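First comes the structure, then the notes that go with it.
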Amino acid sequence: MKKRILFLACLFPALTATAQDAEIKSSVKNVEAKVDSVLSLMTLEEKVGQMVQYSGTWDLTGPATGDQNQYRKEQLKKGLVGSMLNVLSVDATREAQKLVMENSRIKIPLMFGYDVIHGYKTMFPVPLGETASWDLEAMEETARISALEAAADGVNWTFAPMIDISRDARWGRIMEGAGEDPFLTSRVAEAKVRGYQGDDLSNPASIAATAKHFAGYGFAEAGRDYNTVHVGENELHNTILPPFKAAANAGVATFMNSFNDLDGTPATGHRILQREILKGNWDWDGFIVSDWASIAEMRDHGFAEDLTHAAEIAVKAGSDMDMEGGAYETGLVELVEEGKVDEELINEAVRRILRVKFKLGLFENPYRYSDPQAMARIDRAAHRAVARDVAKKSIVLLKNEKNLLPLSSSVRNIAVIGPLADDKNTPIGNWRAQGEANSAVSILEGVKNAVGKDVKVTYAKGADLGVGERSFLKPLKINTTDRSGFKAAVDAAKKADLVILALGEDAFQSGEGRSQVNIGLAGVQKDLMKEVFAANKNVVLVLQNGRPLEISWASENIPAILVAWQLGTESGNAIADVLFGKYNPSGKLPVSFPRAVGQEPLYYNQKMTGRPTNPTDVTYSAYTDEEKTALYPFGYGLSYTTFKFGDLKLSSNEMTQQGSIEVTVPVTNTGNKAGKEVVQLYLRDLVASTTRPVIELKGFELVELQPGETKEVTFEITNELLEFYNADKKWTSEPGEFQVMVGGNSVDLKKNSFELN
Ligand code: BGC
1 MKKRILFLAC LFPALTATAQ DAEIKSSVKN VEAKVDSVLS LMTLEEKVGQ
51 MVQYSGTWDL TGPATGDQNQ YRKEQLKKGL VGSMLNVLSV DATREAQKLV
101 MENSRIKIPL MFGYDVIHGY KTMFPVPLGE TASWDLEAME ETARISALEA
151 AADGVNWTFA PMIDISRDAR WGRIMEGAGE DPFLTSRVAE AKVRGYQGDD
201 LSNPASIAAT AKHFAGYGFA EAGRDYNTVH VGENELHNTI LPPFKAAANA
251 GVATFMNSFN DLDGTPATGH RILQREILKG NWDWDGFIVS DWASIAEMRD
301 HGFAEDLTHA AEIAVKAGSD MDMEGGAYET GLVELVEEGK VDEELINEAV
351 RRILRVKFKL GLFENPYRYS DPQAMARIDR AAHRAVARDV AKKSIVLLKN
401 EKNLLPLSSS VRNIAVIGPL ADDKNTPIGN WRAQGEANSA VSILEGVKNA
451 VGKDVKVTYA KGADLGVGER SFLKPLKINT TDRSGFKAAV DAAKKADLVI
501 LALGEDAFQS GEGRSQVNIG LAGVQKDLMK EVFAANKNVV LVLQNGRPLE
551 ISWASENIPA ILVAWQLGTE SGNAIADVLF GKYNPSGKLP VSFPRAVGQE
601 PLYYNQKMTG RPTNPTDVTY SAYTDEEKTA LYPFGYGLSY TTFKFGDLKL
651 SSNEMTQQGS IEVTVPVTNT GNKAGKEVVQ LYLRDLVAST TRPVIELKGF
701 ELVELQPGET KEVTFEITNE LLEFYNADKK WTSEPGEFQV MVGGNSVDLK
751 KNSFELN
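Residue numbers (my numbering): 1 to 757.
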């Protein structure tokens, strides 16, 4: 030990000046050496302190534990806190950082975390909506901008991307992820990590990202948030973990574990997940923060007796930092002193935390993110332009009978109707960071901005959503029966050439804790839709939603339907771009839309079952009162033009595990407008040592085509794309026949096959 300190003393004279007043410089290049040098100077209390994260406000998330401000300030001064969340503004973060840097013995800068989920001030589409663009460059760009704005406000760490595979529309947090598919979510994860973190974490415009929630959170039973998750190893490895592996490989700085019990073990206390898989097999060197109080909540799970026991379980399982749970702070020092926890586990956790702090450049300059001029330098107008661009790309056209869209220039009288028609708050979505309430461009505003003076636009709200008080933590009650606005809406519809009907969900209907057993149009919206449609058949339904909605009646009756999610700051303008044909819609669903809520969880990449089809008999896997297929499947979305896919050409019908083959498909724009198609590659492993999905996305490419133009799209099929977690618990491919499918959604596909030898 002595030897090591001596060695460090030679390397870092500054560190050895006086330990009391250690000014930790990072002039030496090797991060690992720096980490060790700092660690060697720390007391056990200081090490445990690094593993503690406090919230700066108590009204943002999670239950409060009383006002402990004074005590917490003292802890900061003693250097017994590693990070804070929800401390916002350059002034506030500087203030907190100063408490540490000017008072503590060891002077280790704080990290400041925050939920920057789909924008900081400029709001972009909610993640589920943005994923519908399938545009990875756009997704990277919005993360880059979010990082820039957050960093300018003192934040250096976002708790995003959320990459929980979500297949259940009842689960409110489905809005926060990239949908139901592991391949697509993996690509989004990489794009988001690149966007937030850039090439170099120490660039003050980059912030650390978080892959969350590790793992299984999206599989909450019955779609009820925080509920138990029952998934087996096969599902865990093949469906849930791939996006996390992709994020780890992309160099994500941190992971967050999850609230849920995973097959009998709370994820926060899950040693196999955290130590064996993430830190072991994947060799990932960042740190894991718990979810809000999830260490303490292991008591509620009936998994820990008290806070100290919870701390013991969590640290042994590999949770490095305790977010607002008080468990590490309460129990860890004692656990080490009593010999129940090996100090090496603490050292390992602290090493990981310090590593990220070094990479962020915080040791070099703890006030790196405290530039009071940074926000003023930001070009918000440019960010708004990006917000509009990505918003229009995220809109999905579900139906367009008789080419009602784009709106013809002969339309002279438009009625904009519905509870969300002039709603400037809903498009901001949930998890809105510092996005201002009521600051989005509404649909009505967007339409008015788009039309000339000779087009008459009338507005009628028709009905309220009936959600009561809207806020992040308050439950919404959707119980309105008020139809008093119907008459004005019907009158407006009668007088108009065409109706734009804006229905859907309030911003706070989806998000954390927002599970619903009904996923139709809440309140009296469906009745309003029926009455308006009876008055005028030319209805374009624009849905704003954070989850797939049950819209069977609309799908049967309304001629044109757009899914506009919650699109952020520029929502109304982006919707108008699509309505008036300034942008030809190219979005595709990242999640299946059901025919009925009883189908949930619903997803395209299902297993076959032993009784897939036999419609002459009742004893096969189906429903007796509804089709089992999606109303609108994964990958689905129309355009104002049409695309035709030619036959698939394979470079060979055989491949080896070391080799690869190419699949080529000609795609032709057969309509009369330029447009963009998302060409999707799917594979199926016909027989394997475990059952395999009937179809799995394995590639996609966005192709722009002029009318009449044909382009050949080529995908390379490598062994990596064929691998899965097999019966021997190995990630490998197995020889045999594979089907290759390519198309513009997960149902209408051209097929071919090859043999893996
Ligand atoms: C959520 C996390 C979030 C954390 C901090 C929790 O309730 O589950 O996703 O990052 O709060 O706000």
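For every residue, glycine included, the Cβ atom is placed at its ideal position computed from N, Cα and C.
Note that the coordinates shown come from a computational prediction; the quantities given were computed from them, not determined experimentally.
With the rule of 3 Cβ pairs closer than 8 Å, the segment 585–595 counts as touching the segment 388–400.
Between the segment 691–711 and the segment 598–616 there are three or more C-beta pairs closer than 8 Å, enough to call the two in contact. In this structure P266 is buried. Its beta-carbon is surrounded by 16 or more other beta-carbon atoms within 10 angstroms. At least one heavy atom of the ligand BGC falls within 8 Å of the beta-carbon of E512. When the Cα atoms are used, N281 and R275 turn out to be separated by approximately 9 Å.
When the alpha-carbon of K750 is set against those of K644, N757 and Q544, the nearest one is in K644.
At a cut-off of 8 Å, the beta-carbon of F259 counts as near the ligand BGC: some heavy atom of the ligand is closer than that.
In the structure shown, P243 falls within a helical segment according to DSSP collapsed to helix, strand and coil. Beta-bridge pairing by DSSP links R514 to no other residue.
Between the ligand BGC and the CB of F159, the shortest heavy atom gap is smaller than 8 Å. Counting C-beta atoms within 10 angstroms of its own C-beta, D728 has fewer than 16 neighbours from the protein chains shown and is therefore classed as exposed. DSSP, reduced to helix, strand and coil, places Y459 within a strand of the structure shown. If you check the CB distance, V578 and L562 come in under 9 Å.
D685 has its alpha-carbon roughly 24 Å from the corresponding atom of F219.
Short of 7 Å from the beta carbon of A150, and not among the five residues preceding or following it, lie these beta carbons of its own chain, in chain order: Y114, V116, Y120, T158 and I207. When the Cα atoms are used, E141 and V100 turn out to be separated by approximately 34 Å.
From the listed residues E654, F259 and A493, the smallest Cα separation to I295 is found for F259. When DSSP reads this structure, D482 sits in no beta bridge, so it has no partner. Burial of K676 is indicated by the presence of at least 16 other C-beta atoms within 10 angstroms of its C-beta. Between F255 and I288 a beta carbon distance of about 5 Å is seen, short of the 8 Å cut, so the two are scored as contacting.
Inclusion of G172 and G546 in the CB contact set at 9 Å is warranted, their separation being smaller than that value.
By the Cβ-count criterion, G339 is exposed, with fewer than 16 other Cβ atoms from all chains shown falling within 10 Å of its own Cβ. For W292, the shortest separation between its Cβ and any heavy atom of the ligand BGC lies below 8 Å.
Following the DSSP letters along the chain, one finds P666 in no alpha helix (DSSP H) but inside the beta strand (DSSP E) bounded by residues S660 to N669. For M111, the enclosing beta strand (DSSP E) has its first and last residue at M111 to Y114. At least 9 Å separates the beta-carbon of D497 from that of Y459. In the displayed model, G172 falls within a helix according to three-state DSSP.
Rounded to the nearest angstrom, the gap between the Cα atoms of I478 and E137 is 38 Å. D527: member of the alpha helix (DSSP H) spanning Q525 to A535, first to last residue.
Residue state for M123 is assigned as strand, using DSSP reduced to three classes.
DSSP places N413 outside any alpha helix (DSSP H); the residue lies instead in the beta strand (DSSP E), whose first and last residues are N413 to I417. M321 places its beta carbon less than 9 Å from that of I353. In the DSSP assignment, Y328 falls within the unbroken alpha helix (DSSP H) covering A327 to E337.
In the DSSP annotation of this structure, S146 is not part of any beta strand (DSSP E); the continuous alpha helix (DSSP H) holding it starts and ends at L136 to A151.
Considering only N757, E701, F738 and M175, the residue with the shortest C-alpha distance to W134 is E701. Taken through DSSP and simplified to helix, strand or coil, W565 comes out as coil.
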